[in-house]
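Visitor: In our numbering, the protein residues as written are 860 to 1173.
Glycine residues also receive a C-beta, built at the ideal position from the N, C-alpha and C atoms.
Quick caveat, the model's predicted, so the values are computed rather than measured.
1) For residue 1176, list the residues DSSP reports as bridge partners.
2) Could you check the C-alpha separation between residue 1110 and residue 1026 for me, to the nearest Å?
3) State yes or no: is the C-beta of residue 999 within less than 7 Å of the C-beta of residue 1068?
4) Would you kindly check if the distance between the Cβ of residue 1085 and the Cβ of residue 984 is under 7 Å?
5) Rounding to the nearest angstrom, what Cα-Cα distance links residue 976 and residue 970 in this structure?
6) Where does residue 1040 fall in DSSP's three states?
7) Alpha carbon to alpha carbon, what distance is there between residue 946 and residue 1156?
8) Answer with buried or exposed for residue 1072, where buried requires no fewer than 16 other C-beta atoms within 10 angstroms of its C-beta.
9) Which of helix, strand or coil does DSSP assign to residue 1129?
10) To the nearest angstrom, report how far apart residue 1039 and residue 1015 are at their CA atoms.
11) Exposed or buried, which one is residue 950 when buried takes at least 16 other CB atoms within 10 Å?
12) Quick one: measure Cβ to Cβ for residue 1089 and residue 1129, integer angstroms, because I've assumed they're closer than 8 Å.
13) Does the distance from the CB of residue 844 to the CB of residue 941 come in under 7 Å?
14) Could you name the residues of the same chain whose beta carbon sits closer than 6 Å to that of residue 886, not counting the 5 residues immediately before and after it, in chain order?
15) Under the three-state reduction of DSSP, which class applies to residue 1067: helix, strand or coil?
16) Between the region 925-942 and the region 1055-1066, are three or more C-beta pairs nearer than 8 Å?
17) What's the call for residue 880, buried or exposed, on a 16-neighbour Cβ count within 10 Å?
18) Residue 1141 to residue 1173, Cα distance in whole Å?
19) Quick check: what's the CA-CA separation for residue 824 versus residue 1076?
20) Taking buried to mean at least 16 other C-beta atoms within 10 Å of its own C-beta, is residue 905 buried or exposed?
21) Using the C-alpha atoms, what's the distance from residue 1079 back to residue 948?
22) Nearest-angstrom Cα distance between residue 1133 and residue 1004?
23) Which whole runs of the beta strand (DSSP E) in the region 975-1019 are 3 residues long or more, in chain order?
24) Nearest-angstrom Cα distance between residue 893 and residue 954?
25) Could you tell me whether the Cβ atoms of residue 890 and residue 1145 are closer together than 7 Å?
Shown next, in the form of structure tokens:
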């Protein structure tokens, strides 16, 4: 989850806003509209120097960004309305819709008051496994493991690997090495078991990050009842769909709809591909989302909405 490019994009928008050079932000938010992807929104991150800090923005930044975009003519709409506006070729004027992945508690506590101030809707994409504990916020668990040790041993089928975590620079390298191992060197189906074995061996509670930072089902039900909030699906276990068999990937995309309906009383209409980059979603996965009955499915690929996207809503 280490993404320097995302940090640069946020910095550019921030500089544009606070130096009075808002037109500089236009390359990021032009076209007929934009989908703004959030994760965490908090003024007090647990670890301000975290390797995962690109997943966080401050409420003040969100407030300033919405205000600036509104001042430049953008209407903030729900994902349902965004789909209709895309189909209409943007005839209603430039628009933006806000999304948030993973159901972080600060979305309710710190982001929602900002959204209420501006009347800006949000779609929150929920992966039930992250709430129930059949999946973990593995990138945060990895960081906790690395931060707790000066050295650690990764047990692999081809032999153990000693990883140096003794300095800040070495910890950054260790995070990157473990990210690569978990996302490309083992099966997707084995990620949680391997992660939990590593956490246990190093005295780390793998449940800690998700319990500290994600909403409970009761909290999700409460925010789902808010008129500005739509709940979307994010697979069952936040899985990299490209790394799963067709049957398993279809199950992750399709069965999550019934799971969310059982918890929240409503079938989700919108979907977000976990990770969302090219090595996590392609034409096959797009077909799965379409077949499952979603009216939209979003990636994390950077760009703006254009009229021609009416034919590519998944």
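Guide: Let's see:
1) There is no way to answer for residue 1176, as the model of the chain reaches only from 860 to 1173.
2) Along the chain shown, one-based indexing puts residue 1110 at 251. Along the chain shown, one-based indexing puts residue 1026 at 167. Roughly 42 Å between the two C-alpha positions.
3) Your numbering for residue 999 matches position 140 in the chain shown. Your numbering for residue 1068 matches position 209 in the chain shown. Cβ distance < 7 Å, so residue 999 and residue 1068 count as in contact.
4) Here residue 984 corresponds to residue number 125 of the chain shown, with the count starting at 1. Here residue 1085 corresponds to residue number 226 of the chain shown, with the count starting at 1. No; because the gap between Cβ atoms is not below 7 Å, this pair is not in contact.
5) Position 117 of the chain shown, counted from the start, is the residue given in the question as residue 976. Position 111 of the chain shown, counted from the start, is the residue given in the question as residue 970. So the two alpha carbons sit approximately 10 Å from each other.
6) For the purposes of this step, residue 1040 is identified with residue 181 of the chain shown, where counting begins at 1. Correct three-state label for residue 1040: helix.
7) Residue numbering aside, residue 1156 sits at position 297 when the chain shown is read from its first letter. Residue numbering aside, residue 946 sits at position 87 when the chain shown is read from its first letter. Roughly 14 Å separates the two Cα atoms.
8) Position 213 of the chain shown, counting from 1, holds the residue named residue 1072. Looking at its Cβ environment, which holds 16 or more other Cβ atoms inside 10 Å, residue 1072 is buried.
9) Taking the first residue of the chain shown as position 1, residue 1129 is located at position 270. Strand.
10) The residue labelled residue 1039 in the question sits at position 180 within the chain shown. The residue labelled residue 1015 in the question sits at position 156 within the chain shown. Taking the straight line joining both Cα atoms gives about 13 Å.
11) Taking the chain shown and counting its residues from 1, one reaches residue 950 at position 91. Residue 950 is exposed by the Cβ-count criterion.
12) Position 230 of the chain shown holds residue 1089. Position 270 of the chain shown holds residue 1129. Going by Cβ atoms, the distance from residue 1089 to residue 1129 rounds to 7 Å, so yes, they are a contact pair.
13) Since the first residue shown for the chain is 860 and the last is 1173, residue 844 is missing from the structure and cannot be characterised.
14) Within the chain shown, residue 886 is the residue found at index 27, counting from 1. Model confidence at residue 886 stands at a pLDDT of 45, short of 50, so the residue's coordinates are unreliable and nothing is read from them.
15) On the chain shown, residue 1067 is found 208 positions in, with the first residue counted as 1. Residue 1067: helix per DSSP, three-state reduction.
16) no
17) Taking the chain shown and counting its residues from 1, one reaches residue 880 at position 21. Residue placement at residue 880 cannot be trusted, given a pLDDT of 36 that sits under 50; what the coordinates show is reported in the next sentence. Answer is exposed; the Cβ neighbour count stays below 16.
18) By 1-based counting over the chain shown, the position of residue 1141 is 282. By 1-based counting over the chain shown, the position of residue 1173 is 314. Roughly 10 Å separates the two Cα atoms.
19) Residue 824 is absent from the structure shown; the chain starts at 860 and stops at 1173.
20) The sequence position of residue 905 within the chain shown is 46, counting from 1. Exposed.
21) Along the chain shown, one-based indexing puts residue 948 at 89. Along the chain shown, one-based indexing puts residue 1079 at 220. When rounded, the distance between both Cα atoms is 33 Å.
22) Here residue 1133 refers to the residue found at position 274 of the chain shown. Here residue 1004 refers to the residue found at position 145 of the chain shown. Between residue 1133 and residue 1004, the C-alpha separation is close to 23 Å.
23) 981-985, 1010-1013
24) What you label residue 893 is simply residue 34 of the chain shown in a count that begins at 1. What you label residue 954 is simply residue 95 of the chain shown in a count that begins at 1. Rounded to whole angstroms, residue 893 to residue 954 spans 7 Å at the Cα level.
25) The count along the chain shown starts at 1 and reaches residue 890 at position 31. The count along the chain shown starts at 1 and reaches residue 1145 at position 286. No, Cβ-Cβ distance for residue 890 and residue 1145 is not below 7 Å.
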